[in-house]
Amino acid sequence: MNSADKILASRIPLCSNVPQLNQNTEEEGGCGVTGFISSIPVTGKNIFEPSVQMHNRGNGKGGGIAAVGFIPEALGVSRQILEEDYMLHIALLDESIAGELAETFILPFLTIDKSEKLARIDDYHNIGLEVKPPEIMRYFVRVKQDVLDSFIRDNKLESLDRRDAEDEFVYQNSFKINTKYYASLGDKKAFVMSHGRNMMILKIVGYAENVVKYYKLEDFKAHAWIAHQRYPTRGRVWHPGGCHPFSALNEALVHNGDFANYQSVCDYLKQRNYYPLFLTDTEEAALMLDLWSRVYKYPLEYLIEALAPTSEMDFDLLTPEKQAVYKAIQTHHVGSSPDGPWFFIIAKNDVQKNQLQLIGITDTAMLRPQVFALQEGEVQIGLICSEKQAIDATLISLEREDPRFRPIADKYWNARGGSYTDGGAFIFSLVDSGDGAGSKKLICTDKFGKVIATPKGKAICDTVKVPAIDEVANKEMYSWLQEQFTAIDGQGGWNIFTCVRDRLKTFSPESFQRCIETIMGLAQQSDEFRQVALDALTLLTDRRFDTGALKRSSVLHVLKINLDAILASMPAIAKNAGEHFCHIDFSTRADLRPPLKNEQTLVLDAEHFEAEGNLCDAILLVAAYKLGWKKFIIYKYRGQRFTGCGFGPKTQGIRINVYGSSGDYLASGIDGMEIHVHGNAQDQLCQIFKDGKLVVYGDVGQTFMYGAKGGAAYIMGNAAGRPLINAVGKPRVVINGTALDYLAESFMAGDPLNGGGFVVLNGIGFSDEDGSIMEYDSPYPGSNIFSLASGGAIYVRDPHKKLVDEQLNGGEYAEMTDADWNLILPYLHENEKLFGIALEDLLTVNLKKKEPREVYRKIRPKKAVVMDKNDSGLGEACSCK
Amino acid sequence: MKPETVVIKPMPSRFKHKVPKYKVTRSDACINCGMCAKSCPYGVHERIEGHNKMRPPIDYKCIGYECRKNDEFYCVYKCPRKALSLSLNPMYETLGDCRWTSDMIIATWIMAETGYPPERTDIGYQTGNSDGGFDKLRLKFPVNPLKVERDEISTELRLNRRNDGRSNVVISTPMYGGGMSFGSVSLSTMLSKARNATIWNTFTCTGEGGYPEMLYPYDDHVITQVATGLFGVREETIQRVRIVEFKYAQGAKPGLGGHLLGEKNTESVARMREAVKGTSLFSPFPFHSVYSIEDHKKHIDWIKQMNPKALVSVKVSTPNDVDMVAVGSYYAGAHIIHIDGGYGGTGAAPDIAKKNIAMPIEYAIPKVHNFLKEEGARDAVTLIASGGIRTAHDLVKAICLGADGAVVGTAEMVALECVRCGNCESGRGCARGIASTDSELADLFDDEWATQRIVNLYHAWNYQLVEILQKFGMKSVSELVGRTDLLEHVDYS
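Here's what the structure looks like:
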């Protein structure tokens with residue numbers, strides 16, 4: 000027997016004591032997950048905000064957090080004890096068994112270096128909880144030497160590393176506790192929340208942030224935090240046993256989704272003497288992780304492959320050596336790879352390599368939302384969330400605690416599940432920086448170990464301190480700017496933009512800040528000036544260009560502060576000022592009235608509105624529209640949904656500008672209006688889009704334009720999975736980046752040359768270094784493009800013919816005709832106007848200007864349905880009227 | 000009580016001869032004496048003065064073997080030359096199947112024609128011969144029920160029980176029409192369903208294929224369906240109606256999505272769905288925007304945002320965990336949970352799916368009903384069952400098992416003289432012009448005829464429902480909900 004077999008065999012007596020458990024899983028579908036890891040320890044307050052942001056992903060019936068990497072002093076132990084001892088956290092649902100439990104399972108086997116009852120607030124009702132959270136006992140423990148000796152002897156574990164044997168003992172001991180006090184009882188009495196080193200898990204029946212409040216963790220610091228909002232389908236839950244995170248030993252895992260093959264995974268685990276006791280698929284995931292990492296000692300890459308196998312064309316694009324290994328992994332795990340929508344965030348204390356890790360893994364089909372982000376600088380932070388606005392909320396919260404954090408990350412991205420490009424997983428590892436002072440540095444890699452980094456050596460604007468002023472330069476800038484503001488050609492905003500853009504290379508952080516603040520100051524003078532300032536700052540926010548010595552995220556931060564300030568300074572609605580702009584927010588929403596003479600644009604501060612329901616800003620927008628408002632600016636969005644929904648048919652002439660973290664279902668159902676999203680957008684945009692225009696100066700999320708009927712959309716960046724699925728009619732879309740997978744599945748948009756729809760896919764991105772346009776390796780890395788499509792076309796910029804037949808499933812490549820080019824040309828011109836992505840640049844390949852037909856390829860349905868009316872028999876002499 | 004708008008008018012078959020149950024054969028021995036014509040009160044035989052032969056017997060008017068007891072006019076006995084004989088019509092034997100027996104089809108036709116259950120006693124229409132499901136259940140009537148007058152009985156059903164300020168929709172009879180898309184059925188069929196729904200103050204559903212303009216006058220009685228393909232769904236169509244239905248799956252083919260064969264995707268269908276004529280149209284099997292319960296809630300929130308008055312119905316099939324699905328939908332904000340069992344579906348669903356996937360509806364209803372009760376949510380949600388509700392008796396059984404009402408699909412088609420041949424997917428070949436958008440076939444009947452036929456059918460069902468409530472001594476159909484004690488299983492009682 001090898002070591003792994005011995006470990007598993009040692010559990011046989013244990014497993015025979017497990018009672019017969021219900022076959023069903025505790026049903027739950029979704030949830031919100033969030034996590035971050037920072038190079039410095041930060042307080043529990045910071046997991047609070049993103050958790051609140053994701054209330055609508057849970058239902059308050061379960062929440063949990065995990066924290067990894069503590070400060071020894073805060074726990075009252077030495078660093079050695081913190082790093083070497085197991086931190087046993089026992090949830091006591093029935094406090095009276097505490098003594099019995101300790102005497103049976105702890106005192107005889109474990110040396111206790113420190114024990115305490117976790118502090119908590121006095122009355123759980125005060126924070127709105129309905130179910131009393133469990134009392135938590137925390138023990139810092141090691142296994143007694145003689146106990147461990149006999150455990151090794153009895154189970155013939157001599158070949159094992161002694162520490163591995165100790166790990167296994169701790170695992171088994173907790174398993175016994177859970178069997179006795181949890182699984183075998185109708186009324187649960189106690190269970191082990193976590194027992195890993197330098198980490199803890201806490202969970203309650205309630206929203207996750209209340210864990211922080213209840214156990215008084217607001218000021219408690221850790222390097223990594225993860226949180227989970229649970230959405231159990233059942234209404235009545237009285238203990239948090241089924242909540243996430245789950246842990247097997249040194250990791251905590253939260254999960255969004257569910258396993259379709261729960262039973263099969265369960266069988267796989269049981270055959271290896273892992274008996275799930277809590278009946279959720281999340282527990283299974285944690286157990287598999289433990290089996291593969293601690294017992295089988297898979298490298299992380301193989302572990303990820305076992306979870307999310309590389310498939311289809313992605314597999315073909317791996318090297319032959321990798322293919323051989325992966326094939327073996329896939330064959331072995333055919334029954335245990337979790338099937339179905341899932342997304343994991345794992346916080347891990349990798350004791351072997353002495354590093355802390357935060358890992359995000361998506362399933363191969365990318366069925367759950369996921370966003371990754373990285374911010375570097377004096378301090379570094381990596382974040383993984385279900386929704387981007389939760390990332391932003393975390394950063395805003397962190398900035399309040401330590402201004403070295405900034406509210407905008409340097410980089411946001413999605414993982415492509417089971418892919419050869421990134422493997423669908425990213426790992427943030429916190430390792431010793433080697434400076435001798437014990438400080439840490441954060442390294443982000445993908446599944447294959449490729450490092451993800453942001454440009455180095457760029458300066459950050461200090462938004463806290465007032466920048467020093469060079470009076471002379473300042474005066475000169477002021478008078479130049481003022482001149483632009485009064486320019487009568489209406490180009491003031493554009494001129495300021497171009498000038499600031501061009502000067503950025505030479506700007507110091509202070510002079511840049513001064514410049515933007517001057518613009519903000521000038522905006523206060525008149526309606527016209529406000530418009531110019533808005534135009535200029537918006538262009539600076541939207542466009543990609545070389546930010547010179549400055550970090551782009553910092554530039555965006557300064558722009559955001561000043562844009563928000565300009566918008567906030569608009570006359571309040573109750574003032575009846577009768578100027579062009581009129582400001583409304585949550586507290587003044589009752590003052591909503593029809594526009595007065597001259598009033599054109601309603602500026603809405605979305606901050607305190609709810610994400611959905613009657614107090615959602617989207618409801619207010621519809622009400623304002625019915626009162627006669629036609630132009631809207633919405634800012635300070637933090638994930639509110641349904642912007643533009645509910646206006647009804649024929650809304651031509653309406654224009655909405657969106658700033659901040661907009662939410663799901665934006666523009667879904669719109670018929671005629673125009674919406675500009677200044678920044679990244681989220682999931683489910685433009686469902687059943689009928690007519691109008693959507694412009695996103697960033698990326699869009701899952702199922703963009705599902706079931707759309709028409710309209711035009713321009714996306715500056717990427718689309719996530721399944722854009723344009725089941726779209727019909729005449730949607731016309733330009734995506735400048737790429738799509739993760741399943742682009743235009745079941746596309747049915749007629750004949751594009753006869754009024755039907757199409758997608759232009761440019762496959763380009765922007766350099767993080769200087770903002771210049773760069774080609775992606777392949778314009779479309781996914782396996783499925785245009786599957787089952789019966790109408791419409793995709794025009795893909797593919798000068799190097801990277802797309803191959805294997806990616807098609809029902810489509811075919813066709814020649815790009817003049818008619819095709821003339822069809823898409825106006826859209827590319829508009830694309831240039833909106834994003835500054837020059838047509839000329841698109842047609843330039845390796846510095847050479849090419850013909851359109853050399854650069855673009857057309858994909859159309861294989862059986863292009865050119866049916867003659869008489870032949871098909873589908874014509875109708877008198878159609879039903 | 001039926002609404003005042005309901006007027007019963009006889010509406011005979013649109014064909015010259017209906018499918019007869021019996022075959023009356025006249026042999027050469029006939030001497031044209033006219034005795035049979037004189038004695039038969041049903042008009043099977045006809046003798047025309049001056050003709051030297053009797054007219055062929057009109058089979059469908061014959062009441063069959065039970066006539067034997069009528070010594071004074073049973074033609075077979077009366078005939079002096081023994082020239083007449085009676086047998087089951089071979090055509091009749093080919094009609095229907097074990098679930099929808101030929102008797103049940105004929106009875107439905109009679110109800111659609113007259114507005115009342117058949118008076119003839121030779122047609123066993125209350126149960127089928129499937130050897131399972133509702134066919135094994137019987138109602139247990141009390142011996143001495145409370146005496147209740149017909150007009151004291153309410154068959155109303157309240158659809159919004161959430162008290163959330165949305166429309167307070169009440170329907171007059173606890174059933175409404177199932178979703179059939181334009182494309183799967185003809186416009187006349189859709190229209191007559193909608194007109195019936197208006198007359199009966201209940202609903203019909205668009206199915207997934209758009210919202211034809213001709214339905215606009217009936218907006219208040221139309222459920223617009225949002226299904227996985229989102230065909231024909233626009234904000235405007237969602238804002239038109241009082242109920243929006245999410246179709247996650249169909250009991251006849253859960254996990255298979257929708258599929259309109261290219262054959263049925265004619266010009267007008269393609270126009271309505273804004274797709275390409277002649278191509279097969281797929282609805283994916285899941286909503287790709289909904290992979291979990293919180294997505295589902297978001298989806299419902301979206302509809303509620305677009306239409307602040309509408310109720311939301313969630314139609315799901317009946318997998319093993321249908322109870323969880325139902326409870327989840329309730330917490331996500333649905334007003335109506337519509338569970339669709341495996342017996343339903345027209346001919347377009349593949350056999351292997353129809354027969355093997357979903358849980359039988361009679362298991363699913365109590366499972367969901369009880370679980371909702373345990374969760375304390377039963378009173379705040381309306382539970383609708385569908386999938387094989389063929390008769391008023393099935394409806395009553397479904398309610399006894401725990402549903403508040405039912406959705407009726409196939410029975411409405413049978414009222415339009417569907418013969419259940421099961422070739423719906425061929426569409427353009429629907430011999431009866433119901434499941435077809437072919438312009439010639441769809442002209443086989445007009446809306447007025449079809450509307451009255453369905454109105455009559457609903458009346459006959461409502462009539463029977465009231466009769467059954469009377470026998471139970473109940474004043475309202477809501478008293479019947481969940482009364483499994485009033486049912487017995489023929490094998491285990």
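Protein sequences, first through last, are from chains P and E. FYI, the numbering for the first sequence is 0 to 880, going by numbering that gives the first Met the number 0. FYI, the numbering for the second sequence is 0 to 492, going by numbering that gives the first Met the number 0. Idealized CB from N, CA, C, for every residue including glycine. None of the values given here were measured: they were computed from a predicted structure.
query	result
Span separating the alpha-carbon of P:Pro454 from that of E:Asn319	53 Å
Residue from P:Glu400, P:Asn348, P:Arg405 and P:Ile426 whose Cα sits closest to the Cα of P:Gly376	P:Arg405
Whole-angstrom distance between E:Arg161 and E:Ile299, CA atom to CA atom	14 Å
DSSP three-state assignment for P:Glu311, whether helix, strand or coil	helix
Segment limits, alpha helix (DSSP H) that includes E:Ile467	Asp446 to Phe471
Chain-order list of residues whose beta-carbon lies under 6 Å from that of E:Tyr91 (same chain, five-residue window excluded)	Lys20 and Ser101
Own chain residues within Cβ distance below 7 Å of P:Pro308, not counting five before or after	Gln329, Ser336, Thr363 and Gly417
Inter-residue Cα distance where the pair is P:Val727 and E:Phe281	11 Å
Counterpart residues of P:Met136 in DSSP-defined beta bridges	P:Ile89 and P:Lys116
Interface flag, P:Lys861 vs chain E, CB-CB below 8 Å	no
Sequence ranges, beta strand (DSSP E) only - wholly within the segment 146-230 of chain P, length at least 3	189-193 and 198-203
Where the segment 214-233 of chain E meets chain P: residues whose CB sits under 9 Å from a CB there	Val225, Thr227, Gly228, Leu229, Phe230, Gly231, Val232 and Arg233
Proximity winner among P:Ala223, P:Glu320, P:Ala207 and P:Ser183, relative to P:Leu278 (alpha-carbon distances)	P:Ser183
Reference P:Leu665, options P:Lys649, P:Gly700 and P:Thr497, closest by Cα	P:Gly700
Those residues which DSSP pairs with P:Gln354 across a bridge	P:Asp349
Residues that P:Val727 contacts on chain E, provided the C-beta gap is smaller than 8 Å	Phe230, Arg272, Glu273 and Ala274
Cβ-based contacts, 9 Å cut-off: residues of the segment 675-706 of chain P near chain E	Asp682, Gln683, Gln686, Ile687, Lys689, Gln701, Thr702, Tyr705 and Gly706
Residues bridged to E:Arg482 [DSSP beta-bridge criterion]	Paired residues: none, contrary to the question.
P:Pro730, buried or exposed, once every other Cβ within 10 Å from all chains shown has been counted against 16	buried
Neighbour-count burial assignment, E:Phe140, 16 or more Cβ in a 10 Å radius	exposed
Chain-ordered residues of the segment 404-421 of chain P with a beta carbon less than 9 Å from chain C	Looking at the structure shown, chain C is missing, and the protein chains on hand are P and E.
Neighbour flag for E:Pro141 against chain P, beta carbons, 8 Å	no
Interface residues of chain P facing E:Trp301 [CB-CB closer than 9 Å]	Glu611, Arg640, Phe641, Cys644, Asp663, Tyr664, Ser667, Gly668, Gln683 and Gln686
Chain-ordered residues of the segment 237-252 of chain E with a beta carbon less than 8 Å from chain P	Ile237 and Gln238
Rounded straight-line distance, which links the Cα of E:Tyr41 to that of E:Ser26	20 Å
Pairwise C-alpha distance: P:Asn494 and P:Ala488	For the sequence presented, residue 488 of chain P should be read as Asp rather than Ala. Using only the alpha carbons, I get a separation of about 10 Å.
Proximal residues to E:Leu485 (C-beta, below 7 Å), its chain only, five neighbours per side dropped	Leu138, Lys139, Cys399 and Phe471
Cβ of P:Lys708 within 8 Å of any chain E Cβ	yes
Where the beta strand (DSSP E) through E:Glu244 begins and ends	Ile242 to Lys246
P:Phe631, enclosing beta strand (DSSP E) - first and last residue	Lys630 to Arg637
Burial state of P:Ala837 (16 or more Cβ within 10 Å)	exposed
Start-end ranges of the alpha helix (DSSP H) lying completely within the segment 489-549 of chain P, minimum 4 residues	491-502, 508-522 and 526-541
Contacts that E:Pro283 makes with chain P (C-beta to C-beta distance below 8 Å)	Ile724, Asn725, Glu744 and Ser745
Contact belief for P:Ile687 with P:Gly668 at Cβ below 8 Å, rounded distance in angstroms	5 Å
Residue nearest to P:Glu578 in terms of C-alpha spacing, selected from P:Gln19, P:Gln524 and P:Val732	P:Gln524
Cβ neighbour criterion (16 or more within 10 Å) applied to P:Arg399	exposed
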